[in-house]
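Okay, structure first, notes after.
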Amino acid sequence: MGPLAQAVAPSHMPIVLRPLLPELILVGTALALMLLDALRPTPDQRPFVLLSLAGVAGAAAATLSLWTWKGPGSVLGGMIAADRFAVYFRLVILAAAALGILLSSYYLDRAGEARGEYYPLLLFATAGMTLITAASDLILIFLALEILSLSLYLLTGFSFRRLASAEASMKYFLLGAFSSAFFLYGIAFAYGATGTTNLAGIATALASRVNGDALALIAVGLLAVGFSFKIAAVPFHMWTPDAYQGAPTCVTAFMSAGTKVAAFGAFLRVFGVAFLPLAHDWRAFMGVLAAISIIVGSVLAIAQTDIKRLLAYSSIAQAGFILVGLSAGTQAGIQSAMFYLAVYAGTVLGAFAVVAIASVRGEEHTALSSYAGLARRRPLLGLALTAFLLSLAGIPPMAGFIAKVSVFSAAVQAGSWPLVLIAVLASVAAAFFYIRVIVLMYMQDPAPEIEGVRIESDPAGWAAVLAPAFLTVVFGILPGLLFGLLRTASVVRF
Amino acid sequence: MTSTEVVFVVLSAVGSIGAFRLVTSKNVVHAALYLVLTLSMVGAAYLVLAAGFLAWVQVLIYVGAIVVLLLFSLMLTKAPIGREALDNQQRGWAALVGAGVLAGLVFLIQNAFGSAPRIQIQPATTSEVGASVFANFVLPFEVVSVLLLAALVGAVVIARRDERP
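Residue numbers (the numbering used here), protein chains in the order written: chain A, 10 to 503; chain B, 340 to 504.
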């Protein structure tokens with residue numbers, strides 16, 4: 010039944026808003042923040058930080074209450090899925106947002122760039138991210154993608170006085186607009202092939218066919234390209250190093266974690282639900298994307314001399330590892346990708362938080378050479394960064410190790426052992442540049458010009474470093490805590 | 340020929356003349372105004388074909404928004420408006436692409452709606468479209484307003500360069 014048929018007989022469904030409550034709270038808080046900024050302009054940013062955190066906490070509480078949701082699987086005309094899959098992704102994103110807000114309050118204080126629009130934009134981005142993981146209609150996914158992208162283009166360019174920030178924002182915007190066009194074109198083809206934009210409807214329409222037709226395959230290709238831009242998979246990664254380096258570090262921390270989790274959430278839902286009947290067609294494509302992302306990301310990371318760029322290339326490689334889980338096309342694959350995403354979000358956010366604190370003020374001291382002897386100057390900071398780098402490299406007992414093992418075993422079960430072989434070899438090579446930074450921190454003397462720089466932090470900054478570090482270790486030792494949730498959360502209802 | 344067909348032919352003829360003048364005009368502003376003419380004729384053709392909603396969307400978005408945006412950007416970028424620098428010497432390729440698109444459209448329309456129609460047309464009135472938007476697609480409709488609000492805040496962030504302490 011296409012929209013025209015629906016138009017003739019509009020269904021008067023009851024309006025059930027509870028599965029949308031987290032987004033409503035986030036957008037409501039953003040509006041309240043803007044009003045507060047307009048009515049009571051104050052140089053003190055603490056009320057804004059506290060109100061934003063309260064909004065995120067409220068959204069998290071509303072999300073948690075959906076874990077035991079007994080109502081229909083999708084509400085508002087099949088637009089919003091009320092499944093545990095969405096709950097899990099929303100919780101990861103909201104945790105990243107809370108840490109991002111804390112880190113932002115630290116960073117903006119030091120850099121002197123605090124402005125009233127920052128936290129509303131961050132909450133809009135968060136609302137877009139959580140909405141996209143719950144959306145079960147391609148049109149809504151597109152709109153949520155635009156909300157989160159638009160807010161992030163602006164946040165990337167928020168330090169407009171720094172040329173690099175403005176340039177990063179422009180690059181991100183142009184390439185992002187380009188990828189949106191791909192995505193929209195993919196939606197048009199999906200509609201042309203199946204007569205609906207609803208994910209469940211697409212799955213039903215495709216499942217009843219014996220042969221996949223050309224239109225549906227073109228839709229799969231275009232949608233995959235659109236998502237690949239957002240998750241920064243090679244060859245659609247060009248914007249990533251510049252955007253991650255140019256953006257204020259607190260924005261980089263938030264967007265590297267949040268965007269990837271959100272875009273992968275929608276990616277898993279669209280390909281794991283709507284296009285599952287075509288799985289044998291797209292699995293090879295995902296495998297190739299995964300392999301080249303891992304290889305290119307790891308190789309280019311070795312050549313970097315700036316810690317933000319190094320982490321950017323590392324996040325490209327990590328996208329490849331998560332794609333290995335998706336390319337398995339199985340329940341175990343989705344489950345391992347979800348575990349990997351939570352671990353990746355915490356690790357990369359914590360790593361950028363360390364960068365923000367070690368930069369002292371704004372964007373100073375991001376060259377790798379500034380990290381020489383960091384562990385001697387600030388032992389706790391050095392230890393935290395070591396934990397994050399070991400986790401990104403996939404070395405036990407960190408959570409990154411369990412994450413890598415689980416995606417690899419899912420892929421092997423699905424029979425794609427050549428991909429796993431490439432991924433294992435690349436991750437051995439990649440361990441080199443992570444270890445190099447650790448060696449630099451522990452074994453070398455600080456450069457004379459950096460020796461006297463005092464690194465200080467406040468409780469907000471420490472929270473953004475230590476909470477992810479704690480989780481990285483805990484999930485590495487007790488991965489069952491997360492896998493227990495994933496047993497039910499990785500089942501997509503619609 | 341019925342009266343509807345006569346009206347349709349007249350609208351198409353005027354639209355085609357506008358389109359031809361659009362690409363041959365030596366003045367960018369004149370070209371933009373010919374674009375208004377062509378797009379309005381297309382909108383009027385939709386009206387004749389009983390697609391009222393589509394017609395008004397055509398007028399609102401293409402004539403009302405896109406052409407105005409075009410004129411504004413001409414004004415703001417101080418691009419040369421006169422006769423010079425309008426021809427980029429790519430007529431051969433342009434003619435080829437134009438002919439290709441024309442051939443493709445004629446084939447597709449002939450194939451879909453010709454002697455053995457493959458597609459059944461389901462006419463939808465404006466009220467039906469509205470009912471669908473506000474019943475089945477009410478959530479995306481509301482979400483668009485959040486998107487626009489974020490864009491508005493962003494425009495303020497970019498435009499306002501004064502610094503508060």
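Yeah, the Cβ is synthetic: ideal placement off N, Cα and C, and Gly gets one too.
- CA-to-CA, the gap between residue 331 of chain A and residue 416 of chain A works out to about 7 Å.
- With respect to chain B, the C-beta atom of residue 160 of chain A has a partner C-beta closer than 8 Å.
- Note that the C-beta distance between residue 279 of chain A and residue 428 of chain A is not below 8 Å.
- Residue 89 of chain A has A:84 and A:144 as its beta-bridge partners, per DSSP.
- A:323 is the residue among A:486, A:471 and A:323 whose C-alpha sits nearest the C-alpha of residue 444 of chain A.
- Against chain B, the CB of residue 227 of chain A has no partner CB under 8 Å away; the residue lies outside that interface.
- The way I'd put it, the stretch 193-201 of chain A doesn't touch the stretch 165-179 of chain A; fewer than three beta-carbon pairs between them come closer than 8 Å.
- Under the Cβ distance rule, residue 475 of chain B counts among the residues neighbouring chain A, one pair being separated by less than 8 Å.
- Closer than 8 Å to the CB of residue 382 of chain B there is not a single CB belonging to chain A.
- Taking 8 Å as the cut-off, the beta carbon of residue 233 of chain A is found no closer than this to the beta carbon of residue 326 of chain A.
- DSSP lists A:146 as the beta-bridge partner residues of residue 207 of chain A.
- Within chain A, no C-beta atom comes nearer than 9 Å to that of residue 407 of chain B; the closest sits roughly 20 Å away.
- Looking at the backbone, the Cα of residue 46 of chain A and that of residue 116 of chain A are separated by about 19 Å.
- If you check each beta-carbon in the stretch 476-488 of chain B against every beta-carbon of chain A, the ones closer than 9 Å belong to 476, 477, 478, 479, 482, 483, 485, 486 and 488.
- Listed in chain order, the positions of the stretch 127-139 of chain A with a beta carbon within less than 9 Å of a beta carbon of chain B are 127, 129, 130, 133, 134, 136 and 137.
- For residue 257 of chain A, the closest of A:295, A:281 and A:362 by C-alpha to C-alpha distance is A:362.
- CA-CA distance, residue 493 of chain B to residue 163 of chain A, rounds to 6 Å.
- Each residue's CA atom was taken as its position, placing residue 377 of chain B and residue 359 of chain B some 9 Å apart.
- Here the C-alpha atom of residue 289 of chain A lies approximately 11 Å from the C-alpha atom of residue 296 of chain A.
- When C-beta atoms of the stretch 333-348 of chain A are compared with those of the stretch 144-161 of chain A, fewer than three pairs fall below 8 Å, so the two segments do not count as touching.
- Residues of the same chain with a CB within less than 6 Å of the CB of residue 292 of chain A, apart from the 5 flanking positions on each side, are 336 and 338 in chain order.
- At a C-beta separation below 9 Å, residue 495 of chain B has these neighbours in chain A: 126.
- Minimum Cα-Cα distance from residue 378 of chain A among the listed residues A:431, A:401, A:56 and A:319 corresponds to A:319.
- For the stretch 409-471 of chain B, the continuous alpha helix (DSSP H) assignments of 4+ residues that do not extend past its boundaries occur at 430-452, in sequence order.
- At least one C-beta of chain B is nearer than 8 Å to the C-beta of residue 89 of chain A.
- A direct Cα-Cα distance of roughly 28 Å separates residue 132 of chain A from residue 398 of chain A.
- One thing to note: residue 501 of chain A has its Cβ no nearer than 8 Å to the Cβ of residue 274 of chain A.
- Residues of the stretch 279-299 of chain A with a Cβ closer than 9 Å to any Cβ of chain B: none.
- For the C-beta of residue 36 of chain A, the chain B residues within less than 8 Å are, from N- to C-terminus, 485.
- Judged by beta-carbon spacing, residue 444 of chain B lies beyond the 8 Å limit of residue 387 of chain B, meaning their Cβ atoms are not closer than that value.
- When C-beta atoms of the stretch 83-101 of chain A are compared with those of the stretch 46-58 of chain A, fewer than three pairs fall below 8 Å, so the two segments do not count as touching.
- In this structure, residue 242 of chain A lies away from residue 152 of chain A, with their beta-carbon atoms at least 8 Å apart.
- Comparing alpha-carbon positions, the option among A:302, A:39 and A:315 lying closest to residue 375 of chain A turns out to be A:315.
- Counted as a single uninterrupted DSSP element, the alpha helix (DSSP H) harbouring residue 437 of chain A occupies residues 426-452.
- Between residue 188 of chain A and residue 238 of chain A the beta-carbon gap is near 3 Å, inside 8 Å, which marks them as a contact.
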